[in-house]
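Quick notes on the structure that follows.
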Amino acid sequence: MSAAHGAALIVFSLGLCAGLAVCAPGRGTATAPERTPYLGGYAPETHAWSRFHVRYYGMALLFLAFDMEMVFMYPWAVVFAEEGMIAFVEMLMFIVILLLGILYAWRERALAWA
Amino acid sequence: MGLTAFARLAAKAPAPVFVARGANARSLAFELSGTGDVVLTQTPRHACVLLATGAFPDSMVPALRQIHDQMSHPRGVVLAGAHFRGHGPRGVFSDPVVVTPEGDVHDAVVVLHRDLILGRRPSAPPLLPDRDPTPWRGVGPYGQGGKGMTGGTPYGRPLAGLADDRDGLKLDALELRLGPFLPMFPPGLTLTIKLQGDVVQQARVGDNPFRTDERVSVGARSSVFVRALSGPVTIRELEHARAAHHLERVGEALRAAGLGALGERADRLAANIERVEAAAVRRLHRLLRRSRTLAWATSGVGRLEPDRVAGRGLGLVARACGLPEDLRTQDGAYNELGFSPLVEGGGDACARWRLRLAEVAQSLLLASAAGTRTTGGTGSVESPWGSISSDHAPVGSLLELLPGMLEGSDWGDVITTIVSLDLDLEEAART
Chain G
1075 MSAAHGAALI VFSLGLCAGL AVCAPGRGTA TAPERTPYLG GYAPETHAWS RFHVRYYGMA
1135 LLFLAFDMEM VFMYPWAVVF AEEGMIAFVE MLMFIVILLL GILYAWRERA LAWA
Chain A
0 MGLTAFARLA AKAPAPVFVA RGANARSLAF ELSGTGDVVL TQTPRHACVL LATGAFPDSM
60 VPALRQIHDQ MSHPRGVVLA GAHFRGHGPR GVFSDPVVVT PEGDVHDAVV VLHRDLILGR
120 RPSAPPLLPD RDPTPWRGVG PYGQGGKGMT GGTPYGRPLA GLADDRDGLK LDALELRLGP
180 FLPMFPPGLT LTIKLQGDVV QQARVGDNPF RTDERVSVGA RSSVFVRALS GPVTIRELEH
240 ARAAHHLERV GEALRAAGLG ALGERADRLA ANIERVEAAA VRRLHRLLRR SRTLAWATSG
300 VGRLEPDRVA GRGLGLVARA CGLPEDLRTQ DGAYNELGFS PLVEGGGDAC ARWRLRLAEV
360 AQSLLLASAA GTRTTGGTGS VESPWGSISS DHAPVGSLLE LLPGMLEGSD WGDVITTIVS
420 LDLDLEEAAR T
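Structure follows, in structure tokens:
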């Protein structure tokens, strides 16, 4: 048996021990009040499974747009040295157009949380 | 063998403590923190020791039992100056550690935690039956199936109801009843709020549990102000009590803002108020004024317009709206000391904590200049909560204003507003 096999066996047995220690019977399971969410002393009267407005979604979309822009910058960076000024101006135009979009969103209060 | 070594190691860790405060609770924050071997937790789930202090009216006992059972094993209870009506010194618990008034709460907590971890003391058994409010039962023969997303009513708790969102959408409104043992809330405050996301759509203040026919004595610190209603007290004593009270409130506000170390510094000043110089408070004030984060987190939060507070005797809250309302201006002894009320504009949480610290420094200067001058006995006194008399408690007016201040704000701003107002329910129950 190689050293790699031995190491794998040790890791596996340690994991098994840790798993058994966690699952070991002894203290019993949690009672109903122990499972109840903590609200300062009262039990919740409605279930927490509720639909609410994800207010950060505008920001999430903007993040995605700029994330993809960064992806576009990788191939651009590869050819930047060869193309020189033209590549620089093209990227500048691209970023300025995106920036105008952000300023528009800002003016329309799309970035406000509440 | 190996597990015993682990247990010994775990016993050396700081003891996680959840503090449940009733009326006339001892201010334990300073006694417990500072040494590093006790940590105050925000929920009972993270705690190993439940520390109950103060008088608990019958209406608070079910909630106390609930938080006791919400602690994980091993768990234990320490009672420090805790009183329960119709129960012995052990209260509603099976085997608590009772600390005498002269006893050291800090030591009792640390020793209990070590004994629990090392298995020298059994974990406290549950006080409530292991029964869900209603079992989760669907329509099928094995409890499965039914209408709605979950197929039935989960444990008797219906799903949140629909309500109009401010963006014109129909989304769920979650109704929560919070308190009376929420660490950021003043003891006994219960708040029923309707949340959509993290925005409060509706807020309702629950009944004051301390307003009962049970005799609930007011706290040792506030009693100076109550005593001043009927007879003379020295200005020195009164102003020291005021400064300590405001510093404790600033400490609470700082802890709620996540600035625990600065909160501890305010508590330390409050605990040694008779030896503290005004310059030490000013240093803390300057430090906090420089914090842009704190100013950003509290500016514009919980704003009160001057016309809503004028003439209601709200003291510091009114002065933070720019209104120079202070009963001390009508007192000859204070006039001799050259007293004039401090005011701050804005009327928001930021103005309130700034004014609180400025008034602490002012109170310390008044106390040191007062000599043997006395005040009081006129039937009304300027207390830290405003102008009190035997039939007027300004906290009651603040509790009426509270729902209007909270509606439309984020959950974080709810906490900031509540800690900035100093809503002492015990004081509200005095009248």
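Here the protein sequences come in this chain order: G and A. Using my numbering, the first residue of the first sequence is number 1075, and each one after it goes up by one. Using my numbering, the first residue of the second sequence is number 0, and each one after it goes up by one. Built from N, CA and C at the ideal position, the CB exists for glycine as well.
(request) Compile a chain-ordered list of the residues in the stretch 189 to 212 of chain A whose CB is closer than 7 Å to at least one CB of chain G. (result) Q195, G196 and V198
(message) Strictly below 7 Å CB to CB, what residues from chain G border R176 of chain A?
(response) L1113, Y1116 and E1119
(request) Determine the burial state of S216 of chain A: buried for a count of at least 16 other Cβ atoms within 10 Å of its Cβ, exposed for fewer. (result) With a pLDDT of 48 at S216 of chain A, under the threshold of 50, the modelled position of that residue is not reliable, and the figure given next carries that caveat. Classification of S216 of chain A: exposed, given that the 10 Å Cβ count is below 16.
(message) If contacts are defined as beta-carbon pairs under 8 Å, then A366 of chain A and I234 of chain A qualify, I think. What distance do you get, rounded to the angstrom?
(response) The C-beta separation of A366 of chain A from I234 of chain A comes to about 7 Å, placing the pair in contact by the 8 Å criterion.
(message) Quick check on R241 of chain A: buried or exposed, where buried means 16 or more other Cβ atoms within 10 Å of its Cβ?
(response) buried
(request) Compare the C-beta of A1081 of chain G with all C-beta atoms of chain A and state if any pair is closer than 7 Å. (result) For A1081 of chain G, the answer is no, since every Cβ of chain A falls outside 7 Å of its Cβ.
(request) Would you list, in chain order, the members of the stretch 121 to 135 of chain A that have their beta-carbon closer than 9 Å to a beta-carbon of chain G? (result) S122, P125, L126, L127, P128, D129, R130, D131 and P132
(message) Across the stretch 1126 to 1133 of chain G and the stretch 90 to 107 of chain A, are there enough close Cβ pairs to call them in contact, namely three or more that are closer than 8 Å?
(response) no
(message) Would M404 of chain A and G301 of chain A be called neighbours here (beta carbons separated by less than 7 Å)?
(response) In this structure, M404 of chain A sits near G301 of chain A, with a CB-CB distance shorter than 7 Å.
(message) Quick check: what's the CA-CA separation for P100 of chain A versus L78 of chain A?
(response) 10 Å
(message) Closest to L341 of chain A by C-alpha separation, out of A:Q329, A:Y333, A:P323 and A:A332, would be which residue?
(response) A:P323
(request) Assuming P1118 of chain G and R156 of chain A form a contact by the criterion Cβ under 8 Å, report the distance between their Cβ atoms to the nearest whole angstrom. (result) Going by Cβ atoms, the distance from P1118 of chain G to R156 of chain A rounds to 6 Å, so yes, they are a contact pair.
(message) I'd like to know whether the C-beta atoms of L126 of chain A and H82 of chain A end up nearer to each other than 7 Å.
(response) no
(request) Taking 8 Å as the threshold, find out whether the stretch 6 to 17 of chain A comes into contact with the stretch 107 to 119 of chain A through three or more Cβ pairs. (result) yes
(message) Let's see if you can read the secondary structure: which residues bound the alpha helix (DSSP H) around Q69 of chain A?
(response) V60 to Q69
(message) For chain A, check one thing: does any of its Cβ atoms lie closer than 7 Å to the Cβ of R1125 of chain G?
(response) Yes, contact with chain A.
(message) Distance check for V108 of chain A and F1146 of chain G, CA to CA, integer angstroms please.
(response) 59 Å
(request) Counting only the same chain and skipping the five closest in sequence on each side, list residues whose C-beta sits under 8 Å from that of V199 of chain A. (result) Cβ within range, chain order: I192, K193, L405, E406, G407, S408, D409, W410 and V413.
(message) What residue range does the alpha helix (DSSP H) around A202 of chain A cover?
(response) Unbroken run through A202 of chain A is the beta strand (DSSP E), V198 to V204; no alpha helix (DSSP H).
(message) Looking at the secondary structure, which residues open and close the alpha helix (DSSP H) in which F209 of chain A lies?
(response) Premise fails: F209 of chain A is in no alpha helix (DSSP H) and is neither H nor E.
(message) Strictly under 7 Å for the Cβ-Cβ distance: is T373 of chain A near chain G by that measure?
(response) no
(message) Cβ closer than 9 Å: which chain A residues qualify as neighbours of A1134 of chain G?
(response) None at all; the shortest Cβ gap to chain A is about 15 Å.
(message) For V1170 of chain G, count the other beta carbons within 10 Å of its own beta carbon; 16 or more makes it buried, fewer makes it exposed. Which is it?
(response) Counting C-beta atoms within 10 angstroms of its own C-beta, V1170 of chain G has fewer than 16 neighbours from the protein chains shown and is therefore classed as exposed.
(request) Mind listing the chain A neighbours of R1129 of chain G? Cutoff is C-beta to C-beta under 7 Å, in chain order. (result) G196
(request) Name the two residues that bound the continuous alpha helix (DSSP H) containing L161 of chain A. (result) Segment G160 to D163 is the beta strand (DSSP E) holding L161 of chain A; no alpha helix (DSSP H) there.
(message) So P179 of chain A contacts chain G; which residues on that side make the cut at Cβ distance below 7 Å?
(response) G1114 and G1115
(message) What does the Cβ neighbour count give for H1079 of chain G, buried or exposed, with the cut at 16 atoms within 10 Å?
(response) exposed
(request) Please check the pair M70 of chain A and P95 of chain A, which I expect to be a contact at CB under 8 Å, by giving their CB distance rounded to whole angstroms. (result) Not quite, the Cβ-Cβ distance comes to about 13 Å (not below 8 Å), so this is no contact.
(request) Put R176 of chain A into one of helix, strand or coil per three-state DSSP. (result) strand
(request) Would you decide whether Q195 of chain A is buried or exposed? Buried here means 16 or more other CB atoms lie within 10 Å of its CB. (result) buried
(request) Assess, as a yes-or-no matter, whether the stretch 393 to 400 of chain A is touched by the stretch 242 to 260 of chain A under the definition of 3 or more beta carbon pairs within less than 8 Å. (result) no
(request) Can you pull the chain G residues whose beta carbon is under 8 Å from the beta carbon of T42 of chain A, in chain order? (result) Y1112
(request) Compare the C-alpha of P305 of chain A against each of A:L190, A:A319 and A:Q201 and name the closest. (result) A:A319
(message) For E1164 of chain G, report the span of its alpha helix (DSSP H) as first-last.
(response) Start and end: M1159 to R1181.
(message) Going by C-alpha to C-alpha distance, which of A:E399, A:A350, A:M59 and A:G167 sits closest to T415 of chain A?
(response) Per the Cα distances, A:A350.
(message) Quick check on A1122 of chain G: does DSSP put it in helix, strand or coil?
(response) coil
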